[in-house]
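*Asks:*
Number of protein chains: 2
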Amino acid sequence: MRLVIARCEVEYTGRLSAHLPMATRLVMVKADGCVAVHSDEGAYKPLNWMSAPNHLEEREGEWLVTNPAGERLLVRFEEVLSDSEHALGVAPGLTKDGVEAEMQRLLAEAPFVLEEGLSLLRREYPTDLGPVDLLCRDPAGQVVAVEVKRRGEIGGVEQLTRYLERLNRDPVLAPARGILAAQAVTPQARTLAAARGITCVEVDYDSLRGVEGNALRLFTP
Amino acid sequence: MRLVIARCEVEYTGRLSAHLPMATRLVMVKADGCVAVHSDEGAYKPLNWMSAPNHLEEREGEWLVTNPAGERLLVRFEEVLSDSEHALGVAPGLTKDGVEAEMQRLLAEAPFVLEEGLSLLRREYPTDLGPVDLLCRDPAGQVVAVEVKRRGEIGGVEQLTRYLERLNRDPVLAPARGILAAQAVTPQARTLAAARGITCVEVDYDSLRGVEGNALRLFTP
DNA sequence: GTGTATATCTCGGGG
DNA sequence: CCCCGAGGTATACAC
């Protein structure tokens with residue numbers, strides 16, 4: 000990894016055109032060839048960047064970075080204050096405990112926490128608009144599509160509406176109804192869901208893990 | 000900006016739990032207090048980060064970063080290879096020429112490229128769900144809502160559907176129909192649009208700029 | 001502050 | 001390869 004602290008100006012043209020006026024910034028060049036320009040604020044987003052694969056051409060006082068997609072980043076240096084190279088070597092990946100994936104897994108094992116008597120037909124039931132997170136059946140025999148989200152927002156209601164539209168074209172499944180399951184549901188999403196006849200259920204993640212624990216204990220005393 | 004190259008391991012707990020095993024990485028601390036951990040690949044995303052405002056506690060061999068939201072980042076150092084501080088000063092902001100904004104401007108000047116005889120009623124016509132990009136009228140007098148996107152995707156169709164729902168509650172405007180204008184429209188968006196009676200028009204950005212040139216020449220010979 | 005739309009989003013998975 | 005969905009998304013903007 001090469002770290003350059005320099006007074007520079009930057010031009011990017013590609014998916015849009017952007018210009019950074021002359022100022023002191025950090026220019027990073029990583030082992031995979033990608034380039035990022037950072038200011039002294041903001042942890043996440045670089046001001047400008049070019050992702051690998053790309054080509055870095057070092058000219059007199061400027062760097063030209065180009066990629067196969069025709070994007071172009073030009074860094075013009077006025078004064079280089081520091082320029083260092085560091086060998087980092089390969090790094091093991093990040094391990095995450097995702098929330099939505101686990102929520103879906105837990106709800107698949109215990110759909111009845113959403114509504115009494117609910118039983119699972121299938122996880123990731125495919126439609127031509129995408130997979131339904133959980134396809135269930137209620138005690139009355141009606142099909143229930145469940146969309147699992149960490150946060151229940153308007154987009155989740157729209158997504159579930161589209162799925163229901165498709166499911167209800169299948170006479171075997173129709174009439175299907177929907178449940179939006181989330182740790183929290185915004186008032187707007189709740190309103191829209193109500194207007195569409197969709198039920199919202201707020202799920203407590205920790206209780207859900209508890210339910211799993213209890214269910215396991217039933218079978219492994 | 001402080002740049003530390005070090006063998007370290009990282010724990011994050013907050014919106015989820017994540018762990019980075021021991022390896023050599025870059026740890027950046029910026030002037031606003033935010034912290035980012037980068038590996039030697041990927042221009043854009045840090046492996047871990049904490050955005051400002053937060054608090055950095057330097058202990059023996061480790062840093063603990065906490066924020067008011069209760070998130071927590073722990074960097075445990077095994078070996079520090081480099082540690083440097085750089086004064087960057089304030090930087091002027093990034094200027095951008097967006098694509099969607101200009102497309103909207105060009106189409107407002109020449110709505111007839113979307114459909115023969117279309118004329119502009121208003122740009123950014125306000126509804127209580129947000130502004131309609133272009134409100135137009137066709138030669139038959141029907142109101143046409145136009146949603147402008149760089150890429151036409153399902154979200155754009157949903158957005159336009161919600162706007163139409165609102166417009167059609169106004170007896171003065173009803174019955175309104177919709178056009179999704181984009182440089183490219185995905186097949187799924189096209190399918191959904193068809194099912195909703197929404198027209199998709201693919202707009203060639205360069206031709207559009209040409210149309211503007213022609214229109215200007217008509218009035219400035 | 002909340003909610004919504006956007007992003008040079010990035011990133012990964014599935015057809 | 002494209003399309004789609006998720007993200008500790010971040011970020012800007014309106015209410």
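Taken in order, these protein sequences are the chains called R and Z. Quick note: the first sequence, position 182, residue 181 per numbering that gives the first Met the number 0, numbers continuous. Quick note: the second sequence, position 87, residue 86 per numbering that gives the first Met the number 0, numbers continuous. Note that CB positions come from ideal geometry on N, CA and C, so glycine has one too. Predicted model, so just to flag it, every value in this text is computed and none were measured.
Could you pull out every residue in the same chain whose Cβ sits closer than 8 angstroms to the Cβ of Z/T126, ignoring the five residues on either side in sequence?
*Replies:* Hits under 8 angstroms: Y162, R165, L166.
*Asks:* Name the chain R residues that come within less than 7 angstroms of Z/P20, Cβ to Cβ?
*Replies:* Within chain R, the residues near Z/P20 are P91.
*Asks:* For R/V142, is the classification buried or exposed, using 16 other Cβ atoms within 10 angstroms of its Cβ as the cut-off for buried?
*Replies:* So R/V142 counts as buried.
*Asks:* Roughly how many whole angstroms lie between the Cα atoms of R/A86 and Z/G41?
*Replies:* C-alpha separation (whole angstroms): 16 angstroms.
*Asks:* Return the bridge partner residues of R/Y252 from the DSSP annotation.
*Replies:* Since the first residue shown for chain R is 0 and the last is 220, residue 252 of chain R is missing from the structure and cannot be characterised.
*Asks:* With a cut-off of 8 angstroms on the beta carbons, I'd call Z/V28 and Z/R1 a contact; round off their distance for me.
*Replies:* At roughly 4 angstroms, the Cβ-Cβ gap stays under 8 angstroms, so Z/V28 and Z/R1 are in contact.
*Asks:* With Z/A180 as the anchor, note down where its beta strand (DSSP E) starts and where it stops.
*Replies:* That run of the beta strand (DSSP E) goes 176 to 184.
*Asks:* Expressed to the nearest angstrom, what Euclidean distance is found between the alpha-carbon atoms of R/D132 and R/E157?
*Replies:* Computed Cα separation, rounded: 14 angstroms.
*Asks:* By the 7 angstroms beta-carbon criterion, what residues does the segment 19 to 48 of chain Z contribute toward chain R?
*Replies:* Hits within the stretch, in order: L19, P20, A22, T23, R24, L25, K29, A30, D31, C33, V34, A35, S38, D39, E40, G41, A42, Y43, P45, L46, W48.
*Asks:* Among Z/D203, Z/T65, Z/R121, which residue has its Cα nearest to the Cα of Z/E57?
*Replies:* Closest by alpha carbon: Z/T65.
*Asks:* Among Z/E78, Z/V36, Z/A181, which residue has its Cα nearest to the Cα of Z/I153?
*Replies:* Minimum Cα distance to Z/I153 is reached at Z/A181.
*Asks:* Return yes when the Cβ of R/L105 is within less than 8 angstroms of the Cβ of R/L179, no when it is not.
*Replies:* Against a cut-off of 8 angstroms, the Cβ pair of R/L105 and R/L179 comes out as no contact.
*Asks:* Would you call Z/A160 buried or exposed, if buried means 16 or more other Cβ atoms sit within 10 Å of its Cβ?
*Replies:* Checking the displayed sequence, the identity of residue 160 of chain Z turns out to be Thr instead of Ala. That one is buried.
*Asks:* Beta-carbon of Z/E56 versus every beta-carbon of chain R: anything under 8 angstroms?
*Replies:* By this cut-off, Z/E56 is not an interface position.
*Asks:* Using the Cα positions of Z/R149 and R/G155, report the straight-line distance between them to the nearest angstrom.
*Replies:* Roughly 23 angstroms separates the two Cα atoms.
*Asks:* For R/A192 and Z/G116, I'd like the C-alpha separation in whole angstroms.
*Replies:* For R/A192 and Z/G116, the distance between alpha carbons rounds to 38 angstroms.
*Asks:* Evaluate R/H54 with the Cβ neighbour count: other Cβ atoms within 10 Å of its Cβ, from every protein chain shown; 16 or more gives buried, anything less gives exposed.
*Replies:* It counts as exposed.
*Asks:* Give every residue of the same chain whose Cβ lies closer than 6 angstroms to the Cβ of Z/W48, excluding the five residues on either side of it in the sequence, and list them in chain order.
*Replies:* Here the set comprises A35.
*Asks:* Closer than 7 angstroms by C-beta to R/E8: which residues in its own chain qualify, once you throw out the five before and the five after it? Chain order, please.
*Replies:* Answer for R/E8: L19, P20, M21, R75, listed in chain order.
*Asks:* Buried or exposed, going by whether 16 or more other CB atoms sit within 10 Å of the CB of Z/Y43?
*Replies:* By the neighbour-count rule (16 or more Cβ atoms within 10 Å), Z/Y43 is not buried but exposed.
*Asks:* Of the choices R/G60, R/A90, R/G88, R/P91, whose alpha-carbon is the least far from that of R/E78?
*Replies:* Among R/G60, R/A90, R/G88, R/P91, the Cα nearest to that of R/E78 belongs to R/G60.
*Asks:* For R/K148, decide whether its Cβ has a neighbour in chain Z, counting only Cβ atoms nearer than 8 angstroms.
*Replies:* Chain Z, which has no Cβ nearer than 8 angstroms to the Cβ of R/K148, makes this no.
*Asks:* If R/A5 sits next to R/V26, beta carbons under 8 angstroms apart, how far is it from one beta carbon to the other, in whole angstroms?
*Replies:* The pair is a contact, with the Cβ atoms about 6 angstroms apart (cut-off 8 angstroms).
*Asks:* Can you check DSSP and say which residues form a bridge with Z/E201?
*Replies:* DSSP lists Z/A181 as partners of Z/E201.
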